[in-house]
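K.L.:
Number of protein chains: 2
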Amino acid sequence: MAFSDQLSTIVTSVDGAIAVSIMGFDGIAIETKQVPALEQTATALELQNAWVEFGNVLGQLKQAAQTLKTGPIAELSVNTEKLVTLMRLVTPEYFVVLALTPAGNYGKGRYALRIAAPQLAKELV
Amino acid sequence: MAFSDQLSTIVTSVDGAIAVSIMGFDGIAIETKQVPALEQTATALELQNAWVEFGNVLGQLKQAAQTLKTGPIAELSVNTEKLVTLMRLVTPEYFVVLALTPAGNYGKGRYALRIAAPQLAKELV
Numbered sequence: 001m002a003f004s005d006q007l008s009t010i011v012t013s014v015d016g017a018i019a020v021s022i023m024g025f026d027g028i029a030i031e032t033k034q035v036p037a038l039e040q041t042a043t044a045l046e047l048q049n050a051w052v053e054f055g056n057v058l059g060q061l062k063q064a065a066q067t068l069k070t071g072p073i074a075e076l077s078v079n080t081e082k083l084v085t086l087m088r089l090v091t092p093e094y095f096v097v098l099a100l101t102p103a104g105n106y107g108k109g110r111y112a113l114r115i116a117a118p119q120l121a122k123e124l125v
Numbered sequence: 126m127a128f129s130d131q132l133s134t135i136v137t138s139v140d141g142a143i144a145v146s147i148m149g150f151d152g153i154a155i156e157t158k159q160v161p162a163l164e165q166t167a168t169a170l171e172l173q174n175a176w177v178e179f180g181n182v183l184g185q186l187k188q189a190a191q192t193l194k195t196g197p198i199a200e201l202s203v204n205t206e207k208l209v210t211l212m213r214l215v216t217p218e219y220f221v222v223l224a225l226t227p228a229g230n231y232g233k234g235r236y237a238l239r240i241a242a243p244q245l246a247k248e249l250v
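Structure (structure tokens):
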């Protein structure tokens, strides 16, 4: 299954999903799927800006984990008043990021990323 | 209810909890409750080092949120291979942090912090 289809599966299966993307640690998205009905929400939240910021933090934690005793980082979630952001490492260079409304299905979102990550990793080789 | 009792309630109610703490953004803990049976785990993971690092990240996101359109930060979770860390803002100066084993009850942990945060905030005034 191509990137595009895998990302579509995530946004359609998770209630409250706004958009999902595969991004590099340079802040550049490879592919993004947005839920058309929530496009205005994504624009109002300036989702791309938030993702670049949160992606930087994930990159920083990835580095920090090398000196900590807690093992490599797998997942990061940043919850603000208006947005829930779930991120999961796919490869050392890329991660998948999912934006949800605060009332969205957090547990399902985490599950969807956990299942998708190894499949996305295969495509990225 | 004093800090100490509130923190004890959290660690005893969440399966897989290793320790919980109220910390300032200066990296100094006000009060910590550790599960005695998991003390060796906490020591092996060098929990305090991880918390200082993750607390820094939370502080950084708190600042970043001021320029983003996604609203103030409420919660951060950092999941590494050997440790799940949940953090929730209590006041602008303090946060509560909960360490869980990777198989711990993540959902219950988030719930416990969400319930405890406003109560802890009252004590911190």
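Those protein sequences? They're chains U and B, same order as listed. With our numbering, the residue at position 43 of the first sequence is 43, and numbering never jumps. With our numbering, the residue at position 119 of the second sequence is 244, and numbering never jumps. Glycine included, each C-beta is placed from N, C-alpha and C at the ideal position.
1) Does any CB atom of chain B fall closer than 8 Å to the CB of Ile73 of chain U?
2) Flag Asn230 of chain B as yes if its beta-carbon sits less than 8 Å from any beta-carbon of chain A, otherwise no.
3) Three or more C-beta pairs closer than 8 Å, one from the region 209-216 of chain B and one from the region 90-103 of chain U: is that the case here?
4) Tell me, please, whether the region 68-81 of chain U touches the region 162-177 of chain B by the rule of three or more beta-carbon pairs shorter than 8 Å.
5) If you draw a straight line from the C-alpha of Val182 of chain B to the C-alpha of Glu200 of chain B, how long is it?
6) On a Cα-Cα basis, can you pick out the residue from U:Gln40, U:Val96, U:Asn105 that is closest to Ala116 of chain U?
7) Okay, do the region 130-137 of chain B and the region 147-159 of chain B touch, 3+ Cβ pairs below 8 Å being the bar?
8) So for Gln60 of chain U, helix, strand or coil by DSSP?
9) Got a sec: is the Cβ-Cβ distance from Leu124 of chain U to anything in chain B below 8 Å?
10) Given this structure, state the Cα-to-Cα distance separating Met132 of chain U from Gly149 of chain B, to the nearest angstrom.
11) Under the three-state reduction of DSSP, which class applies to Phe128 of chain B: helix, strand or coil?
12) On the DSSP letters alone, give me the boundaries of the alpha helix (DSSP H) that Ala116 of chain U sits inside.
13) Would you tell me roughly how many angstroms separate the C-alpha atoms of Ala237 of chain B and Gln165 of chain B, rounded to the nearest one?
14) Does Gln101 of chain B have its Cβ less than 8 Å from a Cβ in chain U?
15) Quick one: give me the first and last residue of the alpha helix (DSSP H) that Thr41 of chain U is part of.
16) Can you list, in chain order, the residues of its chain with a C-beta nearer than 6 Å to that of Ile28 of chain U? Leave out the 5 residues immediately preceding and following it.
17) Going by DSSP, what residue range makes up the beta strand (DSSP E) through Leu193 of chain B?
18) If we cut at 8 Å on Cβ distances, does Ala65 of chain U have a partner in chain B?
19) Please go through the same chain and pick out, in chain order, the residues whose beta-carbon is closer than 8 Å to the beta-carbon of Phe3 of chain U, but skip the five residues on each side of it.
20) Kindly list the residues whose CB is nearer than 6 Å to the CB of Thr210 of chain B, restricted to its own chain and excluding five residues on each side of it in sequence; keep chain order.
21) Do Ala65 of chain U and Thr205 of chain B have their CB atoms nearer than 8 Å?
22) Considering only the alpha carbon of each residue, which of U:Glu93, U:Ala37, U:Leu38, U:Leu45 lies closest to Gln63 of chain U?
23) Do the CB positions of Ala37 of chain U and Gly104 of chain U come within less than 8 Å of each other?
P.N.:
Based on what the coordinates show:
1) Output row for Ile73 of chain U: interface = yes.
2) Looking for chain A here will not work: the only protein chains present are U and B.
3) Under the Cβ criterion (8 Å, minimum of three pairs), the region 209-216 of chain B does not count as touching the region 90-103 of chain U.
4) yes
5) Roughly 12 Å between the two C-alpha positions.
6) Of the residues U:Gln40, U:Val96, U:Asn105, the one whose Cα lies closest to the Cα of Ala116 of chain U is U:Val96.
7) yes
8) Of the three classes helix, strand and coil, the one that applies to Gln60 of chain U here is helix, per DSSP.
9) Taking Cβ atoms only, chain B never reaches closer than 8 Å to Leu124 of chain U, which makes this a no.
10) Shown here, chain U extends from 1 to 125; a query on residue 132 of chain U therefore has no answer.
11) helix
12) 106-124
13) 24 Å
14) The first residue shown for chain B is 126 and the last is 250, placing residue 101 of chain B beyond what the model contains.
15) 39-44
16) none
17) Bounds of any beta strand (DSSP E) do not take in Leu193 of chain B, whose DSSP letter is neither H nor E.
18) Among the CB atoms of chain B, one or more fall inside 8 Å of the CB of Ala65 of chain U.
19) Apart from sequence neighbours up to five positions away, the residues of its chain that approach Phe3 of chain U with a beta-carbon distance below 8 Å are Ile22, Ile30, Glu31, Leu120, Glu123, ordered along the chain.
20) So the qualifying residues of the chain are Phe179, Val203, Ala224.
21) yes
22) Answer by Cα proximity: U:Glu93.
23) no
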